[in-house]
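As structure tokens, the structure follows; a few thoughts come after it.
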Amino acid sequence: MTEHRTTTTDKPRLARQAMCDRLAMEFQDGWIVNLGVGMPTLCSNYVDPSKSLIFHSENGAIGYGPLATPETADRYLVNAGGQQVTAVPGMAIVHHADSFALIRKGMVDVTVMGAYEVAENGDFANWRVPGRKGGGIGGAMDLAACAKRVFVALEHTTREGESRLLQRCTLPITAPGVVKLVVTDLGLFEVTPQGFKLREHAPGWTPGEIQALTGAKLAVADDLREFRVRASR
Amino acid sequence: MKNKIYRTFDEAVADIPDGSVFMSPGFGGVGIPRNLLAAVNRQGAKGLTGISNNAGTVDAKVDVGTLIAAGQVKKMCCAFTATPHPSQVTAFVRMYNAGEVDAELIPQGTLAERIRAAGSGIGAFYTPASVGTELAEGKEHREIDGRVYVLEYPLHADYAFIRAWKADTFGNLQFRLTQRNFNPIMAMAARVTLVEVENDIVPMGELDPDQVHVPGVYVDRMVRIPPDGIWD
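Chains as they are written, first to last, in our numbering: chain A, 1 to 233; chain B, 1 to 232.
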């Protein structure tokens with residue numbers, strides 16, 4: 001581990017819920033939203049009464065509601081992660097092939113996915129890790145290739161301190177050149193034709209400190225600001 | 001008209017030979033034909049090829065992983081050949097790593113569409129999913145209106161095991177909420193379709209034709225899940 005890393009590792013980083021709240025702030029009224037399994041599902045905790053979102057899951061629920069409580073749970077209604085969710089008025093159910101027909105047609109306005117790596121050319125990798133045979137693709141390749149926007153949420157560095165933001169992915173990719181927006185526990189990054197652009201930094205972090213932990217050149221937005229966090233429910 | 005109702009699951013699966021290709025639906029623990037899979041496990045057919053979203057989970061319930069653990073499966077076609085976390089070691093993962101079972105990893109939407117193609121008389125189709133990834137290597141590519149696609153072929157099966165909410169004696173089926181998932185397309189794609197039904201099988205005419213999710217012409221065998229059957 002190099003010297004500059006040891007100086008910043010103890011600084012507080014953004015919580016996962018704050019990261020997902022920030023991506024959810026980008027969602028627009030009426031969007032069809034598909035949230036990947038794991039961290040991205042936290043995006044559904046962010047509630048903005050001025051926006052009405054349509055949550056879609058791969059197993060064919062179009063317009064489902066928040067996670068169910070023991071009182072509201074119905075074992076026949078689960079999201080892509082197998083979590084029980086609630087029905088809301090207007091929900092529709094289709095079979096798996098029709099669910100992916102909707103995806104491939106490009107009707108999903110945004111998909112939020114976790115990843116092991118994301119690259120400055122918009123590639124990302126989230127289905128296979130080194131040293132393990134096989135992988136878990138699920139619907140990620142269909143969504144990544146066909147959704148209108150791909151947002152990625154991931155920790156900025158590995159447990160060993162290596163950057164997950166890279167010039168090029170080292171792992172097999174999920175789709176080439178599709179990522180538009182990346183949130184990490186250090187900030188918000190736009191993927192531009194020129195590479196990563198830091199738009200918002202975690203409180204207490206300077207662009208230089210973030211650059212030092214990043215495996216690709218960062219451009220800094222002219223209107224760089226501190227990471228915006230709004231209260232979720 | 002041929003009687004499609006079998007008294008027991010064991011009778012319904014008795015003639016499934018070694019080497020068969022089967023489809024098993026289910027997603028997130030919902031809509032899995034656990035009673036039929038348990039019967040195939042008891043029946044003991046070997047050398048099977050399975051088509052399913054995943055290759056079993058770490059929970060103790062009967063699923064496709066039960067057949068894999070019993071050494072009845074030689075190959076899986078699925079969207080997950082690794083578990084979400086390395087700490088989750090399923091029978092499939094252990095046997096796949098040891099080379100005891102083979103697998104074809106397929107993006108989930110492509111998997112669903114290949115099943116639909118098999119049930120719809122489609123010879124092949126082009127999809128944008130997986131273009132630019134190692135899963136598309138060696139596949140025929142084609143640019144159509146400026147977009148690149150890969151060619152994918154249907155996935156056929158000898159048997160489909162289906163879990164339905166309601167059925168009539170002709171085999172018209174209904175599913176409830178996300179129980180539907182892969183069930184309708186698998187019911188259409190196989191040569192022989194077997195169904196486990198959660199509610200009493202009603203006389204023809206009692207299901208609203210506008211609310212039928214799988215027409216009975218695709219269904220060959222049905223068993224009403226008994227009170228001591230597998231319910232979740």
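No residue lacks a Cβ here, since even glycine has one placed at the ideal position from N, Cα and C. Model, not experiment: these values are computed from the prediction.
- DSSP lists A:ALA153 as the beta-bridge partner residues of GLY114 of chain A.
- Within the same chain, GLU117, ALA119, GLY215 and ALA216 come within 7 Å of LEU166 of chain A by CB-CB distance, once the 5 residues on both sides are set aside.
- Taken in chain order, the whole alpha helix (DSSP H) runs of length 4 or more contained in the stretch 68-131 of chain B are 91-97 and 108-118.
- Residues of chain A with a Cβ closer than 7 Å to the Cβ of TYR159 of chain B do not exist; the shortest Cβ-Cβ separation is about 19 Å.
- Distances from the alpha-carbon of VAL37 of chain A to those of A:PHE27, A:LYS148 and A:GLN84 put A:GLN84 closest.
- Between THR49 of chain B and chain A, the shortest Cβ-Cβ separation is not below 8 Å.
- Taken in chain order, the complete beta strand (DSSP E) segments of 3 or more residues contained in the stretch 120-190 of chain B are 125-127, 141-144, 147-152 and 157-164.
- With fewer than three CB-CB distances shorter than 8 Å, the stretch 1-21 of chain B does not count as touching the stretch 219-227 of chain A.
- Among the CB atoms of chain B, none fall inside 8 Å of the CB of GLY90 of chain A.
- In the three-state reduction of the DSSP assignment, MET39 of chain A falls in the helix class, which pools H, G and I.
- For ILE103 of chain A, the enclosing alpha helix (DSSP H) has its first and last residue at 96-104.
- Per DSSP, reduced to three states, the secondary structure at GLN28 of chain A is coil, with no helix or strand assignment.
- Across the set B:PHE80, B:MET95 and B:VAL89, the C-alpha of B:PHE80 shows the shortest separation from the C-alpha of GLY109 of chain B.
- Here the alpha carbon of TYR159 of chain B sits roughly 44 Å from the alpha carbon of ARG164 of chain A.
- Listed by position along chain A, the residues whose Cβ is nearer than 8 Å to that of ARG176 of chain B are TYR76.
- In this model, PRO154 of chain B and ILE106 of chain B are separated by some 12 Å (Cα to Cα).
- Relative to the Cα of PHE27 of chain B, the nearest Cα in the group A:PRO12, A:HIS96 and A:THR72 belongs to A:HIS96.
- Proximity to GLY29 of chain B across B:CYS77, B:MET76, B:GLY65 and B:ARG224 peaks at B:GLY65, based on C-alpha coordinates.
- When the Cα atoms are used, ALA129 of chain B and THR193 of chain B turn out to be separated by approximately 29 Å.
- Straight-line measurement puts the Cα of MET1 of chain B at about 35 Å from the Cα of CYS77 of chain B.
- The shortest C-alpha to C-alpha distance from GLN43 of chain B to any of B:ILE32, B:PHE9, B:VAL62 and B:ALA69 is the one to B:PHE9.
- ILE115 of chain B and ILE173 of chain A have their C-alpha atoms roughly 25 Å apart.
- Residue state for ILE54 of chain A is assigned as strand, using DSSP reduced to three classes.
- Excluding its 5 nearest sequence neighbours in each direction, VAL131 of chain B has C-beta neighbours in its own chain below 8 Å: HIS141, VAL148, TYR149 and VAL150, listed in chain order.
- Nearest CB-CB separation between ASP63 of chain B and chain A: not below the 8 Å threshold.
- Taking 8 Å as the CB threshold, ASN59 of chain A lines the interface with chain B.
- DSSP lists B:VAL30 as the beta-bridge partner residues of PHE27 of chain B.
- Contact note: LYS133 of chain A reaches chain B through TYR96 and ASN97, using a C-beta cutoff of 7 Å and chain order.
- Using a Cβ-Cβ cut-off of 7 Å, PRO184 of chain B is close to HIS95 of chain A, given in chain order.
- Contact between the stretch 178-188 of chain A and the stretch 130-137 of chain A is not established, with fewer than three Cβ pairs separated by less than 8 Å.
- Here DSSP, grouped into helix, strand and coil, assigns VAL13 of chain B to helix.
- By the C-beta density criterion, SER52 of chain A is exposed, having fewer than 16 other C-beta atoms within 10 angstroms.
- Distance from the CA atom of HIS156 of chain B to the CA atom of LYS75 of chain B, rounded to whole angstroms, is 14 Å.
- No Cβ-Cβ contact shorter than 8 Å links PRO25 of chain B with ASN199 of chain B.
- Across the stretch 104-120 of chain A, CB contacts with chain B closer than 8 Å involve ARG104, in sequence order along the chain.
- If you check each beta-carbon in the stretch 141-160 of chain A against every beta-carbon of chain B, the ones closer than 7 Å belong to MET141, ASP142, ALA145 and CYS146.
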